[in-house]
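Some notes on the structure that comes next.
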Amino acid sequence: MPQTIYQDIGGRDAVEAVVTDFYDQVLADDQLVPYFDGMDMDELRAHQVQFISAVAGGPVDYSGDDMRDAHAHLDIDEDDFDAVGRYLESALQMNGVDENNVEAIMSEVRSFKEPILDR
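Sequential numbering from 303 applies to the sequence shown in the numbering used here.
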């Protein structure tokens, strides 16, 4: 049986490391940090671990809100969505995820662009 991307990158520990590096970058960006004012970051990190695990084929079902509903109140613009994507891609690369797996994960993430931008 072929391994999933989730298994290939190292499972939950690896996903948690990616999420930590991802939020370190996002929260250091003055353009993006206002989106996170007043947010429960522990909850957001847990949802992000679930989300990345799910898109990577892990044994996790994403239980967060529908992407459109979860982001509608934020009025995210395309530049900010793209910046967040660059940080996720960077965090995956920083954690040694090979390029094919990075592209597969980013392709899944990009598939949520329209609902996240409420289009």
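Glycine residues also receive a C-beta, built at the ideal position from the N, C-alpha and C atoms.
Test item: CB-CB of residue i and residue j under 8 Å
i, j, result
"Ile407", "Ala330", "no"
"Asp310", "Asn403", "yes"
"Asp420", "Ala374", "yes"
"Val386", "Ile354", "no"
"Pro417", "Met369", "yes"
"Val328", "Tyr389", "yes"
"Asp323", "Ala393", "yes"
"Leu325", "Gly360", "Going by the sequence as given, residue 325 is Tyr instead of Leu. Against a cut-off of 8 Å, the Cβ pair of Gly360 and Tyr325 comes out as no contact."
"Tyr337", "Gln352", "no"
"Leu334", "Asp382", "yes"
Boundaries of the alpha helix (DSSP H) in which residue i is found, first to last residue
i, result
"Leu329", "Gly313 to Leu329"
"Gln350", "Met343 to Val357"
"Ile418", "Lys415 to Ile418"
"His373", "Met369 to His373"
"Gln305", "Counting along the chain, Gln305 falls outside any alpha helix (DSSP H), and DSSP gives it neither H nor E."
"Gln395", "Glu380 to Met396"
"Arg412", "Glu401 to Arg412"
Residue environment, residue i, which counts as buried when at least 16 other CB atoms sit within 10 Å
i, result
"Gln350", "buried"
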